[in-house]
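Residue numbers (the numbering used here): 365 to 709. Okay, structure first, notes after.
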């Protein structure tokens with residue numbers, strides 16, 4: 365009979381576990397449905413022989429934030445405007461929007477940011493970019509008119525954990541439909557990631573996992589805590605969501621120099637690259653955090669063009685590549701395209 369010393373046995377077990385972990389960390393990232401809701405989640409990371417390789421994902425990106433009021437909507441619609449200048453088809457989508465600054469459309473009262481999203485992506489019906497609106501304690505589906513009682517977890521974040529099961533099914537189904545095709549899609553989160561557990565965060569974490577597109581974090585330096593909010597969320601998020609993160613953009617900075625220093629610290633703490641440092645936009649410097657319900661230029665379209673051009677000048681080449689606007693615009697001028705916002709219904 366052979367006797368194995370405990371030290372030798374421990375060495376064998378340790379190396380066997382290392383081999384198993386190494387093999388499973390290199391498995392192909394696949395998407396599997398979450399039972400009962402039609403959405404998807406990731407089950408691994410991706411790498412291949414000789415180094416890591418990103419999986420083939422549908423085109424587009426998901427814009428999230430670690431704090432509310434960080435400029436997600438402004439960035440998302442600016443990316444859409446840039447692509448429109450290049451003649452590139454683009455869809456935008458936000459599952460739920462809290463009505464903070466009202467605009468009236470044929471779909472009723474919606475947040476002004478959603479009217480601008482429709483305008484930026486070249487569609488006439490706000491229901492093409494938004495599925496549900498929250499106002500006065502009710503969550504309403506734009507297409508059907510159905511509504512459910514709802515609470516907020518933050519100024520612009522719905523508490524999905526308190527919703528009725530039927531409402532949850534409808535939201536998950538809408539997200540699955542809107543993110544399913546292979547079009548260039550810009551998804552926008554609502555409120556801040558981390559306010560709810562990942563499995564309940566339907567308008568942020570679950571949206572990003574369903575979309576399966578690169579995630580761009582934006583964080584505003586205006587209120588401070590940019591570093592701690594990103595680092596905290598980096599520690600809390602799942603490996604599946606973390607694998608989607610392409611980088612972050614610092615927004616609303618007093619000076620670019622201060623922004624670069626802050627960006628370096630965030631890069632060191634998170635391992636994510638900084639893809640843009642955007643100073644305070646002169647057009648918005650006098651406005652409250654949530655903006656206004658009237659245009660700050662001769663028209664809404666002109667405002668969109670001015671802001672998109674400003675942001676493009678402060679994007680890194682990798683972010684321009686991600687958006688598809690690395691080369692000069694074919695029309696030679698970001699402001700060349702105009703459209704009447706009154707056509708948005």
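Each residue gets a CB set at the ideal place from its N, CA and C atoms; glycine is no exception.
Ordered along the chain, which non-local residues of its own chain (more than five positions away) have a Cβ less than 6 Å from that of residue i?
i           : result
residue 458 : 494 and 552
residue 543 : 574 and 575
residue 683 : 639 and 640
residue 617 : 585, 623 and 643
residue 401 : Note that residue 401 scores 41 on pLDDT, short of 50, meaning its location in the model is unreliable and no value can be drawn from it.
residue 637 : 611
So what does DSSP say about residue i, is it helix, strand or coil?
i           : result
residue 450 : coil
residue 574 : helix
residue 674 : helix
residue 497 : strand
residue 354 : Nothing can be reported for residue 354, as the shown portion of the chain is limited to 365 through 709.
residue 431 : coil
residue 563 : helix
residue 596 : helix
residue 684 : helix
residue 455 : strand
residue 679 : strand
residue 412 : Note on residue 412: pLDDT 35, under 50, position unreliable in the model; the coordinate value appears next. Three-state result, residue 412: strand.
residue 388 : Only weak support is given to the placement of residue 388: the predicted model assigns it a pLDDT of 37, under 50, and the question is left unresolved by the model.
residue 437 : helix
Going along the chain, which residues of its own chain have a beta-carbon closer than 7 Å to the beta-carbon of residue i, five neighbours each way excluded?
i           : result
residue 645 : 671 and 674
By Cβ distance, which residues of its chain are closer than 8 Å to residue i, with the 5 residues on each side in sequence left out?
i           : result
residue 507 : 491 and 495
residue 531 : 503, 512 and 514
Using only alpha-carbon positions, find the residue among the options that is nearest to residue i.
i           : options               : result
residue 533 : 546, 547 and 510      : 510
residue 441 : 535, 470, 669 and 613 : 669
residue 578 : 592, 439 and 610      : 610
residue 471 : 497, 455, 649 and 450 : 497
residue 439 : 604, 649 and 426      : 426
residue 561 : 450, 517 and 591      : 517
Quick one: is the Cβ of residue i within less than 8 Å of any heavy atom of the ligand SAH?
i           : result
residue 618 : As for the ligand SAH, it is missing from this structure, which has no ligand bound.
Scan the stretch 607-650 and note each continuous beta strand (DSSP E) run of 3 residues or more that stays entirely inside, going in chain order.
609-617 and 638-643
Any contact between the stretch 460-476 and the stretch 518-533? By contact I mean 3 or more CB pairs, one from each, below 8 Å.
yes
I'd like the ranges of any alpha helix (DSSP H) spanning at least 4 consecutive residues and lying wholly in the stretch 464-488.
476-485
Any contact between the stretch 439-456 and the stretch 591-607? By contact I mean 3 or more CB pairs, one from each, below 8 Å.
no
Could you tell me which uninterrupted alpha helix (DSSP H) segments, each at least 4 residues in length, are contained entirely in the stretch 486-559, listed from first to last along the chain?
529-542
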